[in-house]
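Asker:
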Amino acid sequence: MSKLVFKSDDISKVLSQVSPDALAYIGDAVYELYIRTSYLLPSKKIADYHHVVVSKVRAESQATYLQNIYPLLNDIEKDWVRRGRNAVNKSPRRLPLQTYQAASGFETLLGYLYISEPERLEFLLSHLTDVTQKYN
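Residue numbers (full-length UniProt numbering): 1 to 136.
#1: Report the rounded CA-to-CA distance for L66 versus G111, giving the unit in angstroms.
#2: Counting beta carbon pairs with one atom in the region 40-59 and one in the region 74-86, are three or more of them shorter than 8 Å?
#3: Tell me the rounded alpha-carbon separation between Y39 and Q62.
#4: Between which residues of its own chain and I11 is the CB-CB distance below 8 Å, once the five residues before and five after are set aside?
#5: Out of curiosity, what's the CA-to-CA distance linking K78 and P71?
#6: Return helix, strand or coil for R94, following the three-state DSSP convention.
#7: Would you give the residue range spanned by the alpha helix (DSSP H) that E32 belongs to?
#8: How long is the line joining the alpha carbons of T37 and P96, rounded to whole angstroms?
#9: Under a Cβ-count criterion, where at least 16 other Cβ atoms within 10 Å of its own Cβ denotes burial, should L113 be classed as buried or exposed?
#10: By DSSP, does residue 148 sit in helix, in strand, or in coil?
#11: Check for me: the alpha helix (DSSP H) holding D10 runs from which residue to which?
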């Protein structure tokens, strides 16, 4: 992941002013881009890429991935997951609330790490790549 536009002395200020929902919004984009680039090779038709990517970025998959990496998280990261999870009080009809909350916690964590610790984000995403390869 490339370094973000914030200077290191601005990061704590940004994190104190940004809601968990906003971090989840960023985390969702980061995760989808990561998954899209992970499946570029071997070359496929766009529809095939789309099918694989959608299956990986669904809330159900994100909730499962969160369970897989949760033991690797430190207390600060677990707190961001909790904050993201607690920011959700409604889910789409097709999903149980707990699944949607877990996915939101996962996305919040990724948004937080994208802004504050890109190297840690890369580590956790590489761990997820190992996990997702088992399901292919």
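Glycine residues also receive a C-beta, built at the ideal position from the N, C-alpha and C atoms. Predicted model only: the values in this text are computed from it and were never measured.
Answerer: On the basis of the supplied data:
#1: Locating residue 66 in the sequence shown gives position 66, counting from the first residue. Locating residue 111 in the sequence shown gives position 111, counting from the first residue. Roughly 14 Å between the two C-alpha positions.
#2: no
#3: As a first step, residue 39 must be located in the sequence shown, where it is residue number 39. As a first step, residue 62 must be located in the sequence shown, where it is residue number 62. Roughly 17 Å between the two C-alpha positions.
#4: Within the sequence shown, the letter at position 11 stands for residue 11. Excluding positions up to five away in sequence, the list reads I115 and S116.
#5: As a first step, residue 78 is located in the sequence shown; it is residue number 78 there, counting from the start. As a first step, residue 71 is located in the sequence shown; it is residue number 71 there, counting from the start. Cα to Cα, the separation comes out at about 9 Å.
#6: Within the sequence shown, numbered from 1, the residue matching residue 94 stands at position 94. Coil.
#7: As a position in the sequence shown, residue 32 is number 32, starting the count at 1. Looking at the DSSP string, the run of the alpha helix (DSSP H) that includes E32 is P20 to S38.
#8: For this step, residue 37 is matched to residue 37 along the sequence shown. For this step, residue 96 is matched to residue 96 along the sequence shown. So the two alpha carbons sit approximately 29 Å from each other.
#9: By 1-based counting over the sequence shown, the position of residue 113 is 113. Its Cβ being crowded by 16 or more others within 10 Å, L113 is buried.
#10: Absent from the model: residue 148. The displayed extent of the chain is 1 to 136, so no value can be given.
#11: Sequence index remark: in the sequence shown, residue 10 carries index 10 (1-based). Per DSSP, D10 belongs to no alpha helix (DSSP H) and is neither H nor E.
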